[in-house]
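Count along the sequence shown starting at 1, add 2, and that's the number in this note's numbering.
Ideal Cβ placement from N, Cα and C applies to all residues, glycine included.
I have placed the structure first, in the form of structure tokens, so that the comments after it can refer back to it.
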Amino acid sequence: MYVNHTERTNVRRFTPPPVELDDGRLDVPRAVLSGLFVLGGLVVATLGAWIITLATNGYTWNWIGLAFGVGVVVVSAGFSSIVGYVQVSEWLQRRQRITEWHTASLAAYEDLGAVESVDQITEWALSTDNPGHVVLAALSVYARHREGALTPWSVRSLRGPLFLAGRRVGELSKTGAEEMSREFARLGLVAGRVEGYAGEWTANNADDVLQHVISNWKKSPALEDA
């Protein structure tokens with residue numbers, strides 16, 4: 003049986019920040035323009051205040067002049083305040099983002115042990131020619147059987163990835179699953195296996211699994227043909 007394997011590399015490193023840290027940084031030309039706008043708004047607001055003073059000077063108020071002056075003050079002062087608030091808040095928010103990301107980066111740095119973590123994982127296609135592969139497959143079946151799975155030793159259940167202790171230990175193709183099922187029967191791990199019937203699992207514990215393989219491996223045609 004041809005045996006192949008798959009290698010996967012799992013690398014853990016710092017992820018880039020979820021936000022752009024440069025957003026809101028101090029942009030001198032923009033800051034100068036914003037400052038000039040705010041200053042111009044204050045000048046216009048002062049002019050509006052002067053118009054209000056003229057309109058209310060004397061016993062009779064100039065209501066048109068008063069309304070115009072109030073409008074100038076509200077609009078100019080309002081826009082100036084908004085522009086100034088937005089500019090300053092962007093700077094403060096950027097400082098806060100950098101501080102928070104700096105704290106999170108230090109925590110991640112400590113969790114990773116100050117080094118980049120690389121996990122190299124090799125997964126094999128299990129083969130009935132290798133007793134270690136058969137033991138792994140049998141232990142996986144035994145664990146699933148103990149958990150209540152129905153006939154995990156059947157060809158249909160054996161096909162695909164096999165897991166042991168929550169870790170993927172290999173996989174079986176359709177042909178490999180058929181060969182592994184027959185091998186279980188040859189080794190005495192499954193009794194009464196016939197066409198259309200998966201048989202009954204005989205191993206009561208992990209020691210039984212290992213003992214069946216060790217005791218009966220020499221009877222396996224896979225070894226006799228080697």
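{"Asked": "Same chain only: Cβ atoms within 8 Å of Asn218, ignoring 5 sequence neighbours per side", "Found": "Arg188, Leu189 and Gly190"}
{"Asked": "Alpha-carbon to alpha-carbon, Ala47 and Thr58", "Found": "17 Å"}
{"Asked": "Complete runs of the beta strand (DSSP E) confined to the stretch 31-101 [at least 3 residues]", "Found": "none"}
{"Asked": "Glu185 versus Val137 - alpha carbon distance", "Found": "11 Å"}
{"Asked": "Length of the line joining the Cα atoms of Trp203 and Gln213", "Found": "14 Å"}
{"Asked": "Leu164 beta carbon less than 8 Å from that of Gly172", "Found": "yes"}
{"Asked": "N-terminal and C-terminal residue of the beta strand (DSSP E) that Pro163 is part of", "Found": "Gly162 to Leu166"}
{"Asked": "Assigned secondary structure, Trp155 (DSSP; H/G/I helix, E/B strand, else coil)", "Found": "coil"}
{"Asked": "Proximity winner among Trp155, Ala167 and Val40, relative to Gly201 (alpha-carbon distances)", "Found": "Trp155"}
{"Asked": "Whole-Å CB distance - Phe81 paired with Gly50, under 8 Å assumed", "Found": "Actually they do not touch by this definition, with Cβ atoms about 12 Å apart."}
{"Asked": "Whole-angstrom C-beta distance between Gly67 and Leu56, which should lie under 8 Å", "Found": "6 Å"}
{"Asked": "Outcome for Glu226 when other beta-carbon atoms lying within 10 angstroms are tallied against a minimum of 16", "Found": "For Glu226, the predicted model reports a pLDDT of 47, less than 50, meaning its position is unreliable and no value from the coordinates is stated."}
{"Asked": "Residue(s) in a DSSP beta bridge with Ala187", "Found": "DSSP lists no partner for Ala187."}
{"Asked": "Burial state of Ile84 (16 or more Cβ within 10 Å)", "Found": "exposed"}
{"Asked": "Cβ separation of Val192 and Pro133, assumed to be a contact under 8 Å, to the nearest whole Å", "Found": "About 17 Å separates the two Cβ atoms, so there is no contact after all."}
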